[in-house]
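Participant:
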Amino acid sequence: MDRPVPPAVDFYSRHPISEGQVVDALRRQGKDLERLQPEDLYDLDQDHYGGLEAVEVLARRARIDAASRVLDVCAGLCGPARFIARRWGARVTGLDLNPERAAGARRLTARVGLARLVRMVRGDAQSLPFGAQAFTAVVSQEGLLHVPDKVGALSECRRVLLSGGRIAFSDWIVTPRLGDRERRRLEEWMAAVTLQSMDGYKALLARAGFGAIDAEDLSAEWIGILRRRLEMYRGRRADTVARLGQARYDEYDQLYTFFVGLVEAGKLGGARFSATAGPAAS
Ligand SMILES: C[S@@+](CC[C@H](N)C(=O)[O-])C[C@H]1O[C@@H](n2cnc3c(N)ncnc32)[C@H](O)[C@@H]1O
828 MDRPVPPAVD
838 FYSRHPISEG
848 QVVDALRRQG
858 KDLERLQPED
868 LYDLDQDHYG
878 GLEAVEVLAR
888 RARIDAASRV
898 LDVCAGLCGP
908 ARFIARRWGA
918 RVTGLDLNPE
928 RAAGARRLTA
938 RVGLARLVRM
948 VRGDAQSLPF
958 GAQAFTAVVS
968 QEGLLHVPDK
978 VGALSECRRV
988 LLSGGRIAFS
998 DWIVTPRLGD
1008 RERRRLEEWM
1018 AAVTLQSMDG
1028 YKALLARAGF
1038 GAIDAEDLSA
1048 EWIGILRRRL
1058 EMYRGRRADT
1068 VARLGQARYD
1078 EYDQLYTFFV
1088 GLVEAGKLGG
1098 ARFSATAGPA
1108 AS
C-alpha cells in the first residue's frame, strides 16, 4: 500500500515558489539559461522572510567563513545554500524532505555552476542522514515550523555539529494570544505544527545540548516584509493563475492573508535563534 504523503511535502509540492517558476521568470527576464550566474537567481530562490540580508545575518550568527562545513536544514530550492557558498566560499549541504524541491535545487545549482560547493540531500530534519560532527555550522530558515518533533530535529543538529559548532535559525513563533482554532487552521492549511514560543524554543535548544543561547524577536520587522510579499504575490496573479489555476491562486491568497492577519494581531511572529553546540553526548 502507498504511504500517505506527509502534509509538509504536499504543501510544498503545490507551493507557488518552485523551480518551474524560477526558470519561467528567468526566461521572461531574457536571461540565457545556459549562462547563468548565481546572482541571477537571488531575487527568485529565497523562500524566507528578509531575502539575502536575512541570510547574511544568520551566517554571521553561525560564524560562517570559507573553512566552514555548513548544513542548511529545510533548504528548499537551496537559495540560501548557494548564496552562502558564493559569498563565503564555504561548502554547504542542503537537506529537504520534498523530492521535487530537492531535485529542483540540484538542477538550479548545476545551472549556476556551484555543484562543487553545494550539494542537496533529500531527507528528514528529524533523522539526519549524516555522521556525528560532520558540520561546523547549521542554519535553517522558516522550515522548522513544519517539523513535528522539534527537540528531535535540534538534537540531530547537535549530533552532526562539532562541539563548539554553531546553529543559527529563524522561524515562526507563537504568543499566548493564538487561539486553538487558529492553531488548527495553520496546521491544516500550511502544515505548520508544534509551533513554539520564544521561550519554548530556547528551552528546546537547551534540552538538545546547546549553550550560549540567544534569541532575537523579528516580529515587528516581519510585518512589513509579509505585507510586501503578499502584494508581490498579488502582483504576479496572472502568471500564477496561468501556471497553477485560479483555485490554487485563491486558496494561497486566502491562507496568506490569514497568516499575515495573525502576525498583525500579535498572535504569531518570527524570531532568530543562535547557540553553540555543547560537548558531544558520550
Ligand atoms: C519555507 S521553505 C524554506 C526554504 C529555505 N529555507 C529558504 O529559505 O529558501 C520550508 C522548507 O522546509 C521543508 N521541510 C518541511 N518539513 C521538513 C522536514 N521534516 N525535513 C526537511 N525539510 C522539511 C519543505 O519541503 C520546504 O522546502
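Each residue of the sequence shown is one higher than the last, beginning at 828 in my numbering.
All C-beta atoms in this analysis are idealised placements derived from N, C-alpha and C, irrespective of residue type, glycine included.
Taking 8 Å as the cut-off, is the beta-carbon of Gln873 closer than that to any non-hydrogen atom of ligand 1?
Facilitator: The residue labelled residue 873 in the question sits at position 46 within the sequence shown. At least one heavy atom of ligand 1 is nearer than 8 Å to the Cβ of Gln873, so yes.
Participant: Should His875 and Ser1046 be called a contact, given that it needs their Cβ atoms to be closer than 9 Å?
Facilitator: For the purposes of this step, residue 875 is taken as the residue at position 48 of the sequence shown. For the purposes of this step, residue 1046 is taken as the residue at position 219 of the sequence shown. No, these two residues do not count as a Cβ contact at 9 Å.
Participant: From Asp866 to Leu1005, what does the alpha carbon distance come to, in whole angstroms?
Facilitator: Within the sequence shown, residue 866 is the residue found at index 39, counting from 1. Within the sequence shown, residue 1005 is the residue found at index 178, counting from 1. A small correction: the amino acid at residue 866 is Glu; Asp does not occupy that position in the sequence shown. The straight-line gap from Cα to Cα measures roughly 39 Å.
Participant: Check Leu1032 in the structure and name its three-state DSSP category.
Facilitator: Within the sequence shown, the letter at position 205 stands for residue 1032. Leu1032 falls in the helix class under three-state DSSP.
Participant: Following a CB-centred definition, is Gln848 positioned closer than 8 Å to any heavy atom of ligand 1?
Facilitator: Here residue 848 corresponds to residue number 21 of the sequence shown, with the count starting at 1. Gln848 Cβ: outside cutoff for every heavy atom of ligand 1.
Participant: Would you say the segment 966-977 touches the segment 930-949, given that touching needs at least three Cβ pairs under 8 Å?
Facilitator: In short, these stretches do not touch, since the Cβ pair count stays below three.
Participant: Just to confirm the assignment: which complete beta strand (DSSP E) runs, minimum length 3, are found wholly within the segment 1043-1107?
Facilitator: As far as the segment 1043-1107 is concerned, its whole beta strand (DSSP E) runs of at least 3 residues are 1095-1104.
Participant: Just checking, does the segment 838-851 make contact with the segment 1021-1031 on the three C-beta pairs under 8 Å criterion?
Facilitator: No, they do not touch.
Participant: State yes or no: is the C-beta of Gly1096 nearer than 8 Å to some heavy atom of ligand 1?
Facilitator: Stepping through the sequence shown from its first residue, residue 1096 is reached at position 269. False, no ligand heavy atom lies under 8 Å from that Cβ.
Participant: Assuming Asp899 is part of the beta strand (DSSP E), what are its boundary residues?
Facilitator: In the sequence shown, residue 899 corresponds to position 72, counting from 1. Unbroken beta strand (DSSP E) run through Asp899: Arg896 to Val900.
Participant: What's the call for Glu983, buried or exposed, on a 16-neighbour Cβ count within 10 Å?
Facilitator: Locating residue 983 in the sequence shown gives position 156, where the first residue counts as 1. The residue in question, Glu983, is buried, as its Cβ has 16 or more Cβ neighbours within 10 Å.
Participant: Between which two residues does the beta strand (DSSP E) carrying Thr936 extend?
Facilitator: Sequence index remark: in the sequence shown, residue 936 carries index 109 (1-based). Element bounds for Thr936: not the beta strand (DSSP E) but the alpha helix (DSSP H), Pro926 to Arg938.
Participant: Using a beta-carbon distance below 9 Å, is Gln953 in contact with chain C?
Facilitator: Absent from the structure: chain C. Only one protein chain is present.
Participant: Please state the DSSP three-state secondary structure of Asp851.
Facilitator: Along the sequence shown, read from residue 1 onward, the residue named residue 851 stands at position 24. Asp851: helix per DSSP, three-state reduction.
Participant: Sorted by chain position, which residues of the same chain lie with C-beta nearer than 6 Å to Val850's C-beta, five sequence neighbours on each side aside?
Facilitator: As a first step, residue 850 is located in the sequence shown; it is residue number 23 there, counting from the start. So no residue of the chain qualifies.
Participant: By DSSP's criteria, Gln968 is part of a beta bridge. Which residues make up the other side?
Facilitator: Reading the sequence shown from its first residue, position 141 is the one you call residue 968. Per DSSP, Ser997.
Participant: Say yes only if the C-beta of Cys901 is nearer than 8 Å to one or more non-hydrogen atoms of ligand 1, and no if none qualify.
Facilitator: Taking the first residue of the sequence shown as 1, we reach residue 901 at position 74. The answer is yes for Cys901.
Participant: Of the residues Leu924, Asp837, Asp829 and Tyr839, which one's Cα is nearest the Cα of Gly950?
Facilitator: Along the sequence shown, one-based indexing puts residue 950 at 123. Gly950 has its Cα closest to that of Leu924, out of Leu924, Asp837, Asp829 and Tyr839.
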